[in-house]
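Heads up: the sequence shown begins at 1 in our numbering, then just goes up one per residue.
We treat Cβ as the ideally placed atom computed from N, Cα and C, and that holds for glycine.
Heads up, the thing below is written out as structure tokens.
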Amino acid sequence: MTLAALQRALVVSLLADPWIAEHGAAVVAEDQGDTEAAIDGAMARAGIVAVVVTPGFTVTSHDGDTVAGRADVRAAIYEEPALNRTRAGYCTALQLGERILILSRAWPGATPESLRQEPAGESGVTVTAAISMQIIHDTTE
Numbered sequence: 001m002t003l004a005a006l007q008r009a010l011v012v013s014l015l016a017d018p019w020i021a022e023h024g025a026a027v028v029a030e031d032q033g034d035t036e037a038a039i040d041g042a043m044a045r046a047g048i049v050a051v052v053v054t055p056g057f058t059v060t061s062h063d064g065d066t067v068a069g070r071a072d073v074r075a076a077i078y079e080e081p082a083l084n085r086t087r088a089g090y091c092t093a094l095q096l097g098e099r100i101l102i103l104s105r106a107w108p109g110a111t112p113e114s115l116r117q118e119p120a121g122e123s124g125v126t127v128t129a130a131i132s133m134q135i136i137h138d139t140t141e
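Structure, rendered in structure tokens:
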């Protein structure tokens, strides 16, 4: 599995969750086309978006073309409270981060690591959920 394929698989898993759907949160993969436009569009529609990124991979073993290791997965959650919290049934960035960590426990090879919220600023609220996943990396996918 490539890191881009992992991002897409996790987005599909998150979008299939009834809680996330009920609360109207958008979820996008960092590798999908114009990420900035996807984030801007989601923020304009709902005021909250989770962006799944894979910023790193650490090799733990390799055998020929097979490379096993730990993929660093981050869900960067951006929220504009003034827009998001006016919707009925909204969830906050922190609540969405907590939900993502709960869901990650069911993903094969995943270990939830941390949840961090940055101080609120002009651009809103940012929360990062960190997850480590054991995967077999294959660049041919």
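Got a sec? Which residues, its chain only, sit under 6 angstroms from N84 by beta carbon, not counting five neighbours each side? G47, I48, Y90, listed in sequence order.
Is it true that the CB of T60 sits closer than 8 angstroms to the CB of L6? No, the pair does not count as a contact, with Cβ atoms beyond the cut-off.
If we call anything under 8 angstroms between Cβ atoms a contact, is A71 one with L15? no
Burial state of G97 (16 or more Cβ within 10 Å): buried
In terms of DSSP beta bridges, what is H137 paired with? V67
Beta-bridge pairing of S132 - partner residues as DSSP gives them: D72, T111
Completely contained beta strand (DSSP E) runs for the region 10 to 57, where each covers 3 or more residues: Entirely contained in the region 10 to 57, the beta strand (DSSP E) runs reaching 3 residues are, in chain order, 26 to 29.
Are any of the Cβ atoms in chain D nearer than 8 angstroms to that of M1? No chain D appears in this structure, which consists of one protein chain only.
Exposed unless 16 or more other CB atoms sit within 10 angstroms - verdict on S104: Buried is the call here.
Just to confirm, are T35 and A76 a CB contact at a threshold of 8 angstroms? no
Have a look at A22 and R87 and give me their C-alpha separation to the nearest angstrom. Checking the displayed sequence, the identity of residue 22 turns out to be Glu instead of Ala. Their backbone Cα atoms lie some 12 angstroms apart in a straight line.
Tell me where the alpha helix (DSSP H) around E98 begins and ends. It spans 93 to 104 - the alpha helix (DSSP H) in which E98 sits, taken as one unbroken run.
Helix, strand or coil at R87 [DSSP, three-state]: It is coil, neither helix nor strand.
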